[in-house]
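Let me begin by presenting the structure, written as structure tokens, before commenting on it.
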Amino acid sequence: MSSPRTNTFETAGNVLVTGTTSGMGRYIGENITHEAINEDTTEEYLGQLRGRSWNTIIHCAFNQRPGVTEADLYNYLDDNLLLTLKLAAFQHARFVYLSSVDVYPRSLDPCSETDLPALDAPAGLYATVKRMNESIVKKPCNRPLVLRCAALCGKYSRKNSLIRIAEDDPCDLSLAGESTFNYVLHADVWEFVRTAIEKDLQGVYNIAASDNIALEEVASMLGKKVSFGKFVYET
């Protein structure tokens, strides 16, 4: 848990956090006095939250369902894009949005905050919706702070390849051992958020480790035997 601070926004209340049932949102929720919006939030309660004036909105929620089809596309957009539009309309002094380095073209390494492809360039649905959410936050929101994070790692993370190598025995992966990832800890992201708010930072920031790591390196460090696949993923 982060080190204690006094007289900061963490204990002042009047903070709204989304996605607090898992991942980064849950980590933040455990470190701050807040109200929450999650997948089970009712429209009635959402209306009550809409009627309040918020010091800070921290938007972590994202329904990252795989294989979105025409049949469930609206629900996907409602959970992600339309939710961001609703939140942007709430009265607030500051808006923090948790985005992803996936918005960058994979051919570009390293990436700066201005290195973005044209919107009509080929991109996955996840990256495209993240870009759209960023645009919503940057345009109408007050004191916007967009954090483009590498793969997030912490006790509430989804079970990604790194966690599977650490926990599964035997461990079988579809990815090749030379696949590379860039991981950043929940604690480090939260520390950046706290500092950025205290210093009133605005704009877009990349949050990533200084170096990538290959899955075979992780397995070697942990002394694990892993059955790797053939697909090579490069961060």
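Following the working numbering, the numbering of the sequence shown begins with -17 at its first residue and continues without gaps. C-beta: ideal position from N, C-alpha, C; glycine also.
C-beta atoms of residue i and residue j nearer than 8 Å
i, j, result
"V(-1)", "Y79", "no"
"R125", "A75", "yes"
"S161", "L197", "yes"
"Y86", "L157", "no"
"A43", "G(-5)", "no"
"Y138", "G5", "yes"
"C153", "V208", "yes"
"T15", "V(-3)", "yes"
Sequence-distant residues of the same chain with beta carbon closer than 8 Å to residue i, five excluded per side
i, result
"L28", "I19, K68"
"L144", "A133, C135, F163, Y165, L197, V200"
Residue i (DSSP reduced to helix, strand or coil)
i, result
"Y56", "helix"
"I195", "strand"
"Q46", "coil"
"S202", "helix"
"V(-3)", "strand"
"G136", "coil"
"N115", "helix"
"A18", "strand"
"Y187", "strand"
Residues that DSSP places opposite residue i in a beta bridge
i, result
"S94", "Its beta-bridge partners do not exist; DSSP assigns none."
"H168", "H168 pairs with nothing; no bridge assigned."
"S35", "Q73"
Close-in-space but distant-in-sequence residues of the same chain around residue i (CB under 7 Å, 5 per side omitted)
i, result
"G11", "V(-1), T2, A18"
"Y108", "Q46, D84"
"K120", "P126, V128"
"A191", "A132, N164, Y165, V166"
"P48", "none"
Residues near residue i in its chain [Cβ-Cβ closer than 6 Å; skip 5 each side]
i, result
"T66", "N115, I118"
"F210", "L155, A158, G159"
"P122", "A70"
"R146", "C153"
Segments assigned alpha helix (DSSP H), at least 4 residues, entirely inside the stretch 62 to 90:
You should have 65 to 70.
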